[in-house]
Amino acid sequence: MILHYAHLCAVAGGVEAFCIGTEMRGLTTVMGAAGFPAVDRLRQLAAEVKAILPQATITYAADWTEYHGHQPPGTEDKHFHLDPLWADPAIGAVAIDNYMPLSDWREGEDHADAHWGSIHNLDYLTANVAGGEGHDWFYPSDEARAAQRRVPITDEAEQEPWVWRVKDLRGWWENEHRNRIGGIRQSTPTPWVPRSKPIWFTEIGCAAIDKGTNEPNKFLDPKSSESALPRHSSGLRDDLIQINYFRAIYRHFADPAANPVSDVYGGRMVDMDMAHAWAWDARPWPHFPLDRDRWADGANHARGHWLNGRASARPLASVVRAICRDSGLPDVDVSGLHGVVRGLVLSDTGTAREALQPLMLAHGFDAVEREGRLCFRSRRGLAAVPKLDPDRLALTEADAPALERCRAPQAELAGRVHLTFLDAERDHAAAAAEAVLADDPLPALSRSELPLVLLREEGQAIAERWLAESRLARDTARFALPPSLSYLGAGDLVRLDGALWRIDRTEDRGLLSVEATRVEPALWRPFEGAADGAPPPPAAPPVGVEALFLDLPLMTGEERPHAPHVAFASARWTRPVVLMASDGDADYAPVLTARRAAVVGTTLTPLPAARPGLWDRGPALRVELLRGTLSSASPARVLAGANLAAIGPGTAEPWELFQFAEAELVAPNIYELRLRLRGQAGTDGIMPRDWPAGSRFVLIDEAVMQWDFPPSLREVLRHYRWGPQGQLPSDPSWGHRAIAFRGIGLRPWAVAHLRLTAVPDGGLRLSWIRRTRIDGDSWTPPEVPMGEDREAYLVRVMREGVLLREATVTTPAWIWTAAMQAADGAAEGPGPVVLSVAQLSDRFGPGPFRSVEVRP
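So this is what it looks like as structure tokens:
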């Protein structure tokens, strides 16, 4: 089978790397008379595969308990049994499926690692990548593990403790290996050459489950015989432990001191570019895991190794730090924050306090000031909570109690909490969660809206937590502390009188006066796993999207005159469409995101030319739409700008703008358009004799968009790619086109009322009326505004396409004198002479020409 796959890879053109097997420790540790026969067979297989794939790096993915060597139970032996394979010339890297534990965490405050404060502490997890169990110490028995009796890993005889440390990658990698037989170090080293080959992690991963880093290889699957919880796990979902597992691994091996460079091959000991995270599923999220009818293992996702649906989440601490930094507070303490942020809606004008408040409510943390520095403290509680003796509290007055406890009336509290948020698994649609006290017949309602992206089960947990916390917060306490405890301040937790209290306010009056609220950190533990909710709508694979680029004139006057427009259309609009641009067909940058489809179609009948400025009552124009609808509008609304559309060949230009008053649906997606206004916005100057059937139709509305297009890019050929958001530009659903835009919004309109009259000396006077593309609709001014930098016109005299004369004038008239006519041979040619005039723009050039004919 392995050779079969190797040949398939060769036929496909080769691969970068090839594993000949994975985690076969049940075979590789079987000893024969002459060693380990399975290892010898793996060496032969590696040589055969290397011959088939000579350019590929060949390796074997060893289990993390296997790569280092084999220690038969009940003996003092240590065999570096895989060294002949690792040293084999056919093998290019030492590959490990690395699921080494990064924690030994227990519940409570009195276990051996409690001083780290939290299992989510990144420093704690990082310290255990090359430390802790399997490096510094081990448990010799289950009883020792239960009691946390840790035995140091040493090698007093030979001073090579790395021999017994499965986590000591560096010691294993940079030293010669000598087997230990009966505890005796052998004189002959194994074939392994120190620092000779890089280490790859062919698998690293951790389940998103409470205390997952205690045993990263454990997973839950009712159908699997290997299903098991990590040690001491409650079984609750915990995405943050998975996130911080990966952060700790990458953080440790990014340190050059922990990951040295080989003097043999010039690379790092551990090549983190070849670290492969387990697991990424090809099934589309969130349909996997929510569509349980299609995928029966969907329930395993919530507390499994999958990164789908979790990879984009951010640690709460990093989000809070970013908000503070953007608000001018770079020096803040977020080390006590542990949580996951899946999404947060921020206002452009909002303050840092407004941005932090929903996070503080959802994740249960407070902001306090310590020695001039803003510190954020989680309500989950940290290790080493001081326990205060009620009999040793300070007395503020001789006859006053040392501890004063109060409880708010039941009637002042809400018995029902309603929370709205954005659903993480259903396209950020609005969702709600509600918690109600079962013993309250008429509960007061408290409503809250969080601009956060949450899982439904997270939202439900927050609502229930708020309700429970409000019950606890009924209890408040006042007391005073002696100077020896003056280091305590707002946000700190203390244990007093059998309960846990959060200090809310302090006042130094010689003694430290304290106001505190009762809390329970257990309320802030991880939430339950997968929710049983309705699956999202059926998965819609991305489909191709048509893009129509339109170089259009000014329509409302609010457009950028030099910038083009684009309309995206698809028979099935499944997601936003991204437009990207580049000077060449590479290194694209996004320029626009369209969130709705334009109304686009194709004409089924021709549209003859018609006079502008008058209602066109000719035959109906029949249009078939790709999607969308059209509707009629009153003539008054049309005159006010309604139902504006473009018709053209589908290229960037030319496009005629017209309006219609009547739209009748005559067949599915087919409309007949009547009572039209033609050649709008100066496009009468480019109107052809007719637009043939098959012309493209675009309704001009908010879906037809412009993008940031500098004037310097006019007439520059650029490449554009567009396609569904979330797909790579190389995906078949993306389109490509190279276009140069002229900036039709800068083009002058064609002149009006072109007339030719005779003058006494035999000449001909050509006159016209200027039109403007800017603010030309008012009847009040005696003259329409000058839309260009100066008034100028280009006059041409032509016959049969040959230019006879050209002149530039600054007034709306020009005389073709008798002498000019003679010089131009006006009376000599067989065909008519055509006199044409166009208004000039210093930025665009001539606009459309108007012409009259002069026959000999």
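The numbers in the sequence shown follow the numbering used here, run straight up by one, and end at 857. A virtual CB, placed ideally from N, CA and C, is assigned to each residue, including glycine.
Proximity to residue 241 across 129, 223, 256 and 308 peaks at 308, based on C-alpha coordinates. For secondary structure counted as the beta strand (DSSP E) over 3 or more consecutive residues, the region 708-769 holds these complete runs in sequence order: 719-725, 736-740 and 753-759.
With fewer than 16 other beta carbons inside 10 angstroms of its own, residue 641 counts as exposed. Pairing residue 466 with residue 503, the inter-Cα distance amounts to about 16 Å. When 598, 768 and 170 are compared, the shortest CA-CA separation from residue 258 is found for 170. Between the beta-carbon of residue 172 and that of residue 179 there is about 13 Å, and that puts the pair past the 8 Å contact cut.
From the listed residues 324, 300 and 124, the smallest Cα separation to residue 252 is found for 124.
According to the DSSP assignment, residue 254 belongs to no beta strand (DSSP E) but to the alpha helix (DSSP H) extending over 240-254. In this structure, the straight-line span from the alpha carbon of residue 700 to that of residue 780 is close to 29 Å. Under the DSSP assignment, residue 481 falls in the beta strand (DSSP E) whose first and last residues are 476-482.
Counting C-beta atoms within 10 angstroms of its own C-beta, residue 279 has 16 or more neighbours from the protein chains shown and is therefore classed as buried. By the Cβ rule, the region 837-852 counts as touching the region 746-756, because three or more pairs are nearer than 8 Å. The beta carbon of residue 589 is closer than 8 Å to those of 581, 582, 583, 720, 722 and 730 in its chain, skipping five residues each way along the sequence. Within the region 346-394, the alpha helix (DSSP H) runs of at least 4 residues that lie entirely inside it are, in chain order, 353-364. About 27 Å separates the Cβ atoms of residue 513 and residue 471, ruling out a contact at the 8 Å cut-off.
When the Cα atoms are used, residue 149 and residue 136 turn out to be separated by approximately 15 Å. Per DSSP, residue 794 is one residue of the beta strand (DSSP E) stretching across 794-800. In the three-state reduction of the DSSP assignment, residue 45 falls in the helix class, which pools H, G and I. Less than 7 Å separates the beta-carbon of residue 662 from that of residue 636.
Between residue 276 and residue 377, the C-beta gap is not smaller than 7 Å, which leaves the two residues out of contact. Shortest Cα-Cα distance from residue 633 to any of 614, 561 and 673 involves 673. Per DSSP, the beta-bridge partners of residue 603 are 625 and 697.
Here DSSP, grouped into helix, strand and coil, assigns residue 517 to strand. Boundaries for residue 8: no beta strand (DSSP E) harbours it, while the alpha helix (DSSP H) harbouring it runs 3-12, taken from the DSSP string.
Within the region 15-76, the runs of alpha helix (DSSP H) that reach at least 4 residues and sit entirely inside it are, in chain order, 26-29 and 38-53. When DSSP states are grouped into helix, strand and coil, residue 116 belongs to the helix group.
Counting the other Cβ atoms within 10 Å of the Cβ of residue 688 gives 16 or more, which makes it buried. Scanning its chain for C-beta atoms nearer than 7 Å, with the 5 sequence neighbours on each side dropped, one finds around residue 130 the residues 103, 249, 250 and 253, in chain order. Closest option to residue 646, judged by alpha-carbon separation, among 678, 46 and 756: 678.
For residue 314, the closest alpha carbon among the candidates 425, 62, 50 and 33 is that of 425. Nearest in C-alpha terms to residue 493, of all of 553, 141 and 387, is 387.
Ranking 822, 451, 370 and 808 by CA distance to the CA of residue 794 puts 808 first. A distance below 7 Å between beta-carbons, with the five flanking residues on each side excluded, links residue 46 to the following residues of its chain, in chain order: 3 and 21. Bounds of the alpha helix (DSSP H) holding residue 172 are 170-175.
Note on residue 324: 16 or more other CB atoms within 10 angstroms of its CB, so buried under the neighbour-count rule. For the 7 Å CB-CB criterion, residue 40 and residue 85 form a contact.
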